[in-house]
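Presented below is the structure to which this report refers.
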Amino acid sequence: MRTIDAAEITRAVRDLYMTCNYEVREDYRQALEKARTTEASPLGRQILGTMLENYKIASTERSPMCQDTGFPVVFVELGHDIRVEGDIKDAIQEGLRQGTKQGFLRGSLVRDPLTRAPNTGDNTPGVIHFDLVPGDKLKIDVLAKGGGSENKSRLYMLKPNDGIDGIKNAVRETVSLAGPDACPPFVVGVGVGGTFDKCAELAKKALMRKIGSANHDPIADKLEKELEVELNKLGVGPQGMGGSTTAVAVFVETHPVHIASFPVAVNIQCNANRHKGTVL
Amino acid sequence: MIRREADHVVVTPPLTDEEILELRAGDPVRITGTLLTGRDAAHKRLNELIMKGAPLPVDVKGQIIYYVGPTPPKPGQVIGSAGPTTGGRMDSTTEPLLRMGLKGAIGKGERGASMREAFKKYRAVYFGAIGGSGAYLAKRITAQEIVAYPELGTEAIRRLTVEEFPVVVINDAHGADFYEEGRRKYAKT
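Chains A and B, in that order, are what the protein sequence lines are. With the numbering used here, letter number 255 in the first sequence gets 255, and the count goes up by one each step, no holes. With the numbering used here, letter number 94 in the second sequence gets 374, and the count goes up by one each step, no holes.
Shown next as C-alpha cells:
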C-alpha cells in the first residue's frame with residue numbers, strides 16, 4: 001500500500017489547471033499547423049494563423065489562451081493499492097481554487113443556477129469523475145471546458161435500429177448547429193451506448209484521446225474516419241467563416257447498452273483545447 | 281469614422297447611419313478608438329433601465345459594444361485575455377440598445393433571423409472576432425476603465441481603447457450574413 005499526501009494532489013491539480021490554460025494541447029496545435037497547409041479558404045488559413053499566434057503568446061507570456069478559462073472537469077484514476085492521506089475531493093477543489101487565483105484565471109461559475117448568483121470566484125466546484133483501477137498509481141487529467149462549445153453539445157436517445165447512420169446524422173446535425181458559435185476547428189467526442197448519464201461521460205472522455213491515434217475497435221475506428229470526412233464537407237471552417245477545416249478529429253467511445261436503448265452523446269471541443277494530465 | 285484601405289476597412293466609433301451602410305458582410309475591419317463592453321448580466325440591467333425609461337449609465341449612441349468578459353490582468357498587463365463570447369445569447373436584449381442608437385456589436389457565433397432584420401432596421405452591424413484567441417486580442421487593447429456595474433466583476437461595463445482590433449463584418453445593415461455565405465461557399469453536398 002502506497003501513501004500519498006493530499007497536498008501533493010492539490011499541487012498537481014493547481015499546476016495542471018493553470019498550465020492547460022496557457023498551453024494548448026500539442027497534438028491539437030500540430031493538427032492546426034497541418035490544416036493551415038490544406039485549408040481551402042484563404043481567410044480560413046489566416047484565421048488558423050491567428051489561432052497559432054494566440055497559442056504562442058499564451059504560452060510565452062503564461063496568459064490564458066481564452067478569457068473563458070473553462071469549467072474544470074477532472075478525471076481521476078485511483079489505484080487500489082494507494083491510500084490518500086487527507087480528503088481527495090477537497091484536495092482537488094483546493095487545487096482548482098489555487099490555480100484560479102495564482103494563475104489569474106477568470107471565475108466562470110455561479111453557485112446557484114436558479115438565481116445565477118453568486119460567482120464562486122475560484123472555478124470551484126469542478127466536476128470530478130473517479131475511477132478505481134488496479135495498481136498503486138494516481139492518474140489525474142484536468143480539462144478546462146469552455147462554455148461556448150459545451151453549450152452546443154447534444155445528447156440523443158436514438159432507436160436501436162437507427163444504426164450507424166443514426167449516429168452519423170446525430171453527429172452531423174450537432175456539428176452543423178454548433179457552427180461558428182462553438183469556435184471551430186473542433187475535436188468531436190462521441191459517446192455511444194450506456195445510459196443517459198454514462199453516454200455523456202463517454203463523449204467527454206473521448207475528447208482526451210490523442211489526435212492521430214487509432215480506435216481499438218475497428219468498427220468505431222472506421223466510423224471516426226468517415227465522420228471526419230463528412231464533417232469537413234459541411235463548409236463551416238475555421239471560426240465558422242467558411243472552409244474545409246471544421247473538425248480535426250472525431251473520437252468514439254462505446255459502452256454496452258440496454259436492448260431497447262441507443263443513446264448517442266456529442267461533446268464539442270473548441271479551438272481553446274485545454275487538457276493536461278499527470279501520474280502521481 | 282470609416283475609411284476603406286486596400287485590404288481592410290478602418291472603423292473608429294462613433295458611427296453614423298451613412299457610415300454603417302458602407303460596411304458589407306465579409307469586410308475585414310480594424311477598429312481603432314473606443315469600445316464599450318457588456319455581456320449577459322450588463323445587457324439585462326441596461327434593458328431594465330430602458331423599459332423603465334431611466335437613463336443609461338453610459339451613452340451608447342454611435343458606439344460599438346464588445347461581448348467580452350476578460351480574465352483578471354496580471355501585474356503589468358492592461359487587461360487579461362479578452363476574446364469574444366457568443367453573440368446569440370444577447371439576441372433577446374440587443375434591440376432596445378439599437379433603439380438607443382447603438383451602431384455595432386462584436387461577438388462570435390450566429391445571430392437569430394430576427395436580429396438580421398433588427399440590424400437592417402436600425403442600421404447597425406454585427407462584427408465577428410476570433411473566439412478562443414483572447415491572449416492575441418488583448419494585445420490590441422491599450423487601455424480599459426470600468427464605467428458601470430463594477431460589482432459584476434468580469435461582466436462589468438468597460439470602456440476599452442483599442443488599436444487595429446481585427447474583426448470581420450458578419451451581419452451588415454443590408455441583411456447579409458457572412459457565416460452563411462462562407463459556409464455555402466465551401467460546403468460539399
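Even glycine gets a Cβ: it sits at the ideal position worked out from N, Cα and C.
Notebook entry, point to check: Quick one: does K233(A) have its CB under 8 Å from some CB of chain B?
Noted result: Yes, its Cβ sits closer than 8 Å to a Cβ of chain B.
Next item on the list: Would you mind sorting T469(B) into buried or exposed? The rule is 16 or more other CB atoms within 10 Å of its CB.
Entry: Exposed, because fewer than 16 other Cβ atoms sit within 10 Å of the Cβ of T469(B).
Item checked: Three CB pairs or more closer than 8 Å across the region 101-117 of chain A and the region 42-58 of chain A -> The region 101-117 of chain A is not in contact with the region 42-58 of chain A.
Note to self: Less than 8 Å between CB atoms is the rule here; does G455(B) satisfy it with respect to chain A?
What the structure shows: Taking Cβ atoms only, chain A never reaches closer than 8 Å to G455(B), which makes this a no.
Check: Taking Cβ-Cβ distances shorter than 8 Å, what residues in chain A pair up with E390(B)?
Finding: Going along chain A in sequence order, the residues near E390(B) (Cβ under 8 Å) are G179, P180, D181 and G240.
Check: Considering Q67(A), what are the terminal residues of the alpha helix (DSSP H) in which it resides?
Finding: Looking at the DSSP string, Q67(A) is not in any alpha helix (DSSP H), and its letter there is neither H nor E.
Next item on the list: Output, in chain order, the set of chain B residues within a Cβ distance shorter than 7 Å of V236(A).
Entry: Neighbours of V236(A) on chain B, chain order: R463.
Next item on the list: Write down every uninterrupted run of the alpha helix (DSSP H) in the region 322-404 of chain B whose length is 4 residues or greater and which is fully enclosed by it, in chain order.
Entry: Complete alpha helix (DSSP H) runs here, min 4: 371-379 and 393-401.
Next item on the list: Let me know the secondary structure DSSP gives D297(B) once reduced to three states.
Entry: In the three-state reduction of the DSSP assignment, D297(B) falls in the helix class, which pools H, G and I.
Checklist line | Complete beta strand (DSSP E) runs within the region 204-238 of chain A (minimum length 3 residues, chain order) | finding: Those beta strand (DSSP E) runs which fall completely within the region 204-238 of chain A and span 3+ residues do not exist here.
Check: Buried or exposed: G282(A), going by 16 or more other Cβ atoms within 10 Å of its Cβ?
Finding: Nothing can be reported for residue 282(A): it is not among the residues displayed for chain A, which extend from 1 to 280.
Next item on the list: List the residues of chain B whose Cβ lies closer than 8 Å to the Cβ of G148(A), in chain order.
Entry: Scanning chain B for C-beta atoms nearer than 8 Å to the C-beta of G148(A) yields T365, T366, K388, G389 and G411, reported in chain order.
Margin query: Between which two residues does the beta strand (DSSP E) holding F130(A) run?
Written below: Residues V127 to V133.
Next item on the list: Could you work out which residues of chain A lie near K289(B), taking near to mean beta carbons separated by less than 7 Å?
Entry: At residue 289(B) the sequence reads Val, which differs from the Lys that was named. The contacting residues do not exist; V289(B) stays about 15 Å from chain A at best.
Item checked: Residue burial classification, K204(A) (beta-carbon count within 10 angstroms, cutoff 16) -> Buried, since its Cβ has 16 or more Cβ neighbours within 10 Å.
Margin query: In chain order, what are the residue ranges of uninterrupted alpha helix (DSSP H) at least 4 long that sit wholly in the region 173-209 of chain A?
Written below: The region 173-209 of chain A contains these whole alpha helix (DSSP H) runs: 196-206.
Note to self: Can you check whether the C-beta of A272(A) is within less than 8 Å of a C-beta belonging to chain B?
What the structure shows: Taking Cβ atoms only, chain B reaches closer than 8 Å to A272(A), which makes this a yes.
Next item on the list: Specify whether the region 124-138 of chain A and the region 79-88 of chain A touch according to this definition: at least 3 beta carbon pairs, one from each stretch, less than 8 Å apart.
Entry: The way I'd put it, the region 124-138 of chain A does touch the region 79-88 of chain A; three or more beta-carbon pairs between them come closer than 8 Å.
Item checked: Y416(B) versus A398(B) - alpha carbon distance -> Within the model, the alpha-carbon separation for Y416(B) versus A398(B) is close to 31 Å.
Item checked: Helix, strand or coil at E444(B) [DSSP, three-state] -> Per DSSP, reduced to three states, the secondary structure at E444(B) is strand.
Note to self: Give the list of continuous beta strand (DSSP E) stretches no shorter than 3 residues that lie fully inside the region 21-97 of chain A.
What the structure shows: If we require 3 residues or more, the beta strand (DSSP E) runs fully inside the region 21-97 of chain A come out as 71-79 and 82-85.
Margin query: For G277(A) and E23(A), what's the separation of their Cα atoms in angstroms?
Written below: In this structure, the alpha-carbon of G277(A) lies about 12 Å from that of E23(A).
Note to self: Please list the terminal residues of the continuous beta strand (DSSP E) segment that includes A428(B).
What the structure shows: Going by DSSP, A428(B) is part of the beta strand (DSSP E) stretching over I421 to A428.
Notebook entry, point to check: Got a sec? Which residues, its chain only, sit under 6 Å from S413(B) by beta carbon, not counting five neighbours each side?
Noted result: Only G363 meet the Cβ criterion.
Item checked: With 16 other Cβ atoms within 10 Å as the buried cut-off, status of E375(B) -> By the 16-neighbour rule on beta-carbons within 10 angstroms, E375(B) is buried.
Next item on the list: Please name the residue in I4(A), I268(A), K198(A) and E226(A) whose C-alpha comes closest to that of G285(A).
Entry: Within the shown structure, residues of chain A are numbered from 1 to 280, placing residue 285(A) beyond reach of any answer.
Note to self: Residues in the same chain with beta-carbon distance under 8 Å from D371(B), minus the five sequence neighbours each way, listed in chain order, please.
What the structure shows: Around D371(B): R391, G392, S394 and M395.
Check: Residue range of the beta strand (DSSP E) that R464(B) falls in?
Finding: In the DSSP assignment, R464(B) falls outside any beta strand (DSSP E) and within the unbroken alpha helix (DSSP H) covering F458 to Y466.
Item checked: Nearest-angstrom Cα separation, counted from G121(A) out to A404(B) -> Taking the straight line joining both Cα atoms gives about 35 Å.
Notebook entry, point to check: Three-state secondary structure (DSSP) at N161(A)?
Noted result: DSSP places N161(A) in helix when its eight states are reduced to three.
Notebook entry, point to check: Quick one: what does DSSP say G313(B) is sitting in, helix, strand or coil?
Noted result: Correct three-state label for G313(B): strand.
Notebook entry, point to check: Would you say T317(B) reaches chain A, if we count a Cβ-Cβ gap shorter than 8 Å as a contact?
Noted result: Cβ-Cβ to chain A under 8 Å: no for T317(B).
Note to self: Per the DSSP calculation, R2(A) is bridged to which residue(s)?
What the structure shows: I82(A).
Note to self: Tell me the rounded alpha-carbon separation between L155(A) and V264(A).
What the structure shows: Taking the straight line joining both Cα atoms gives about 6 Å.
Item checked: Local Cβ density within 10 Å of F196(A), reported as buried at 16 or more and exposed below that -> Exposed: under 16 other Cβ atoms inside 10 Å.
Item checked: Where the region 30-57 of chain A meets chain B: residues whose CB sits under 7 Å from a CB there -> Cβ contacts with chain B: A40, S41, I47, T50, M51, E53, N54 and I57.
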